[in-house]
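Single-structure report; data block below.
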Amino acid sequence: MSSVNKSILLVDDDQEIRELLETYLTRAGFQVRATADGAGFRQALNEAPSDLVILDVMLPDEDGFSLCRWVRQHPRQAQVPIIMLTASSDEADRVIGLELGADDYLGKPFSPRELQARIKALLRRAQFAHERSGSEVLAFDDWRLDMVSHRLFHADGEEVILSGADFALLKLFLDHPQQILDRDTIGNATRGRDLMPLDRIVDMAVSRLRQRLRDTEKPPRLIRTVRGSGYQLAANVVAGNGH
14 MSSVNKSILL VDDDQEIREL LETYLTRAGF QVRATADGAG FRQALNEAPS
64 DLVILDVMLP DEDGFSLCRW VRQHPRQAQV PIIMLTASSD EADRVIGLEL
114 GADDYLGKPF SPRELQARIK ALLRRAQFAH ERSGSEVLAF DDWRLDMVSH
164 RLFHADGEEV ILSGADFALL KLFLDHPQQI LDRDTIGNAT RGRDLMPLDR
214 IVDMAVSRLR QRLRDTEKPP RLIRTVRGSG YQLAANVVAG NGH
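Counted from 1, the sequence shown has number 97 at position 84 by my numbering; the numbering is strictly sequential.
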C-alpha cells in the first residue's frame, strides 16, 4: 500500500524522538504533523483529520491514555487507527491502552522501521475494511452493524462507537459465524501482523469487544472462549439493507 498522501499525527515530548520520526516517516512518503504535548495534539486533530495517530503515553500536560479516550469519542476521528508508544517493560500501560481503544502498541526503545511496518499494517487494514464495506447491514443476536458507517446499534436503540480495531475484529467474527478462530488468525486479520510470544493483544481486543456487545456473562454467551483453540461467535448472521 502506498504511503503517499497518508497523514500521520504524532505526539511525543522527546524532541529527539519526535524529530527522528518526523524525518524518517516523511522520507517514507507520509505527511507528518508532530506535537510535543496533549494540548497541541488536540488542536492539531481538530484542525485537520489524520489517517493514523501515534500517542506517547508520558506527556508533560496529560497522558496518552486520556488522549486515546478523547480520540475514541471524537465526532469525526473516532475510528482513526492509534498506535501507542509505551515503556517496553510496563505491560500495564499496554493493557490500559488496548482497553481504551488503541489499535497497537510499541515499546521504547524501538526501531523506526518497526514502527513504519506497524503503521502500514494498520493503514492496510483500514483500507481493506473500507473497500469491503459495501452498503449492507449485518444483523446478529440483538445487534445491527452498518458496514458503511461502522456504526453498531442494539435493539433497544443504543449506538456503540467502535474503534478501527473493534470493527475489524467484529467483522472477522461476522464473516465466520459459528467457526472457531485461533489467536494467530485473529491477530493477522485485525492487526496485520504476526503475534509475538506472550502477546496479549488479541485477548484484550476480544475482552474489549465483549464489553461493547454487553457480553459480560460468565462464561460469555456471544463470543465464546474455546479452550486451547481460540474464540467463536455463537450467533447467526443475516445480511440486509438496513431497512
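The C-beta atom is built at its ideal place from N, Cα and C for all residues, glycine as well.
Strand pairing of residue i, partner residues [DSSP]
i	result
GLU172	PHE166
ALA252	LEU151
TYR244	LEU194, THR238
GLY120	THR99
ASP159	VAL150, ARG164
Expected contact under 8 angstroms - CB spacing of residue i and residue j to nearest Å
i	j	result
ARG85	LEU58	Actually they do not touch by this definition, with Cβ atoms about 12 angstroms apart.
LEU235	ALA248	6 angstroms
GLN140	LEU38	Going by Cβ atoms, the distance from GLN140 to LEU38 rounds to 18 angstroms, so no, they are not a contact pair.
ALA168	GLY253	The pair is not a contact, with the Cβ atoms about 14 angstroms apart (cut-off 8 angstroms).
ASP242	ASP188	For clarity, residue 242 is Ser in the given sequence; the question names Asp instead. The Cβ separation is near 18 angstroms, so there is no contact.
ARG225	LEU175	7 angstroms
LEU135	ASP116	6 angstroms
ASP25	LEU98	7 angstroms
SER20	ASP64	5 angstroms
GLU172	PHE166	5 angstroms
ASP27	ASP50	So it is not a contact: roughly 12 angstroms between Cβ atoms.
Residue burial classification, residue i (beta-carbon count within 10 angstroms, cutoff 16)
i	result
ASN18	exposed
SER148	Unreliable positioning characterises SER148 in this predicted model, as indicated by a pLDDT of 49, which lies under 50. The coordinate reading is nonetheless provided below. The residue in question, SER148, is exposed, as its Cβ has fewer than 16 Cβ neighbours within 10 Å.
ARG138	buried
GLY110	buried
LEU211	Note that LEU211 has pLDDT 48, beneath the 50 cutoff, so the model's placement of it is unreliable and no number is given.
ILE193	exposed
VAL45	buried
VAL66	buried
VAL215	buried
LEU22	buried
THR48	buried
ALA61	exposed
SER162	exposed
ALA100	exposed
ALA178	buried
GLY170	exposed
GLY42	exposed
HIS256	Its pLDDT being 44, under 50, HIS256 is placed unreliably by the model, and the measurement read from it follows with that caveat. Exposed, because fewer than 16 other Cβ atoms sit within 10 Å of the Cβ of HIS256.
PRO94	buried
VAL239	exposed
LEU33	exposed
ARG89	exposed
PHE131	According to the sequence shown, residue 131 is Arg rather than Phe. So ARG131 counts as buried.
LYS184	buried
Residue span of the beta strand (DSSP E) that contains residue i, given as start and end
i	result
ASP50	That residue, ASP50, is in no beta strand (DSSP E); it is neither H nor E in DSSP.
LEU23	20-24
Terminal residues of the alpha helix (DSSP H) in which residue i lies
i	result
THR39	28-40
VAL93	Premise fails: VAL93 is in no alpha helix (DSSP H) and is neither H nor E.
GLY114	Element bounds for GLY114: n/a, residue is neither H nor E.
LEU182	177-188
LEU226	Here LEU226 belongs to no alpha helix (DSSP H), and DSSP marks it neither H nor E.
**Item:** Sequence ranges, beta strand (DSSP E) only - wholly within the stretch 53-88, length at least 3
**Value:** 65-69
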